[in-house]
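Colleague: Residues 1245 to 1389 in this note's numbering are what the sequence shown lists, from first letter to last.
Think of the CB as a built atom: it goes at the ideal place given N, C-alpha and C, for glycine as much as any other residue.
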Amino acid sequence: MMAVVRTCILLDSDEKTVSFQGVYKRLKEPETQRALIQKVFGEYEEFQSMFGSSPTQMVADFLSIYQEIDWGIHSTLIHFRNFGVVHLLDRKNWKSIKYGEMRDLILLVGRLSDKLTELCRSSVPPIASLVKEWREYGLQALARP
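1) Please confirm whether I1341 and F1324 have their CB atoms less than 8 Å apart.
2) Can you name, in chain order, every residue of its own chain whose Cβ lies under 8 Å from the Cβ of V1303, other than the five neighbours on each side?
3) I'd like to know whether the C-beta atoms of Y1310 and L1254 end up nearer to each other than 8 Å.
4) Run through the segment 1287-1324 for me and flag every whole alpha helix (DSSP H) of 4 or more residues, listed as ranges in chain order.
5) If the criterion is Cβ atoms closer than 8 Å, does the pair F1306 and K1359 meet it?
6) Helix, strand or coil for K1260? Go by DSSP, reduced to three states.
7) Quick check on F1264: buried or exposed, where buried means 16 or more other Cβ atoms within 10 Å of its Cβ?
8) Roughly how many angstroms separate the alpha carbons of S1257 and Q1301, rounded to a whole number?
9) K1272 by DSSP, collapsed to three states: which one?
10) Counting along the chain, where does the alpha helix (DSSP H) carrying I1350 start and finish?
11) Tell me which same chain residues have a C-beta within less than 8 Å of the C-beta of I1317, skipping the five on either side of it?
12) Buried or exposed: Q1292, going by 16 or more other Cβ atoms within 10 Å of its Cβ?
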């Protein structure tokens, strides 16, 4: 039951709570993408691609994963939460969700979480002197025969 409730909360469109739907709506906007990337990576945005995906690619990946949500299954999940879990009404009046459908939604929510965590956590050091040291170390490593 907790998986049902938590998954619904994460995918809910309630403006009063933080959800993936709220993040998606805002992250679709290029201005929001730019502001987030600037806030997290600042002047070191170009260095991020040395350590993995570029911030722009991370945003594109998040948006792409979000579009994989099967909203029909989500609707069934919401119905099940409202009538089968929260209010425990007579079983003949509510739709159920299959184990495989629930598993797929949970895995998708996990992928969204991973991508958002990756996007909001920079592996680039925030201290300029460390960036210089890393650059020098990298150049030395590349110069060796």
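Modeller: Concretely, from the data shown:
1) Here residue 1341 is taken as the residue at index 97 of the sequence shown, counted from 1. Here residue 1324 is taken as the residue at index 80 of the sequence shown, counted from 1. Taking 8 Å as the Cβ cut-off, I1341 and F1324 qualify as a contacting pair.
2) The sequence position of residue 1303 within the sequence shown is 59, counting from 1. If we look at V1303 and ignore the five residues flanking it on each side, its Cβ neighbours are L1271, Q1277, L1280, I1281 and L1363.
3) Here residue 1310 refers to the residue found at position 66 of the sequence shown. Here residue 1254 refers to the residue found at position 10 of the sequence shown. No, Cβ-Cβ distance for Y1310 and L1254 is not below 8 Å.
4) Here the runs fully enclosed are 1289-1292, 1299-1310 and 1315-1323.
5) Taking the first residue of the sequence shown as 1, we reach residue 1306 at position 62. Taking the first residue of the sequence shown as 1, we reach residue 1359 at position 115. Against a cut-off of 8 Å, the Cβ pair of K1359 and F1306 comes out as a contact.
6) Taking the first residue of the sequence shown as position 1, residue 1260 is located at position 16. Coil at K1260, not helix or strand.
7) As a working note, residue 1264 is residue 20 in the sequence shown. Around the beta carbon of F1264, a 10 Å sphere encloses 16 or more other beta carbons of the protein chains shown; the residue is thus reported as buried.
8) As a working mapping, residue 1257 is identified with position 13 in the sequence shown. As a working mapping, residue 1301 is identified with position 57 in the sequence shown. When rounded, the distance between both Cα atoms is 25 Å.
9) As a first step, residue 1272 must be located in the sequence shown, where it is residue number 28. Residue state, collapsed to three classes: coil.
10) Within the sequence shown, residue 1350 is the residue found at index 106, counting from 1. Per DSSP, I1350 belongs to the alpha helix (DSSP H) from Y1343 to C1364.
11) By 1-based counting over the sequence shown, the position of residue 1317 is 73. So the qualifying residues of the chain are I1341, E1345, D1348 and L1349.
12) Within the sequence shown, the letter at position 48 stands for residue 1292. The Cβ neighbour count for Q1292, taken over all protein chains shown within 10 Å, is at least 16; the residue is labelled buried.
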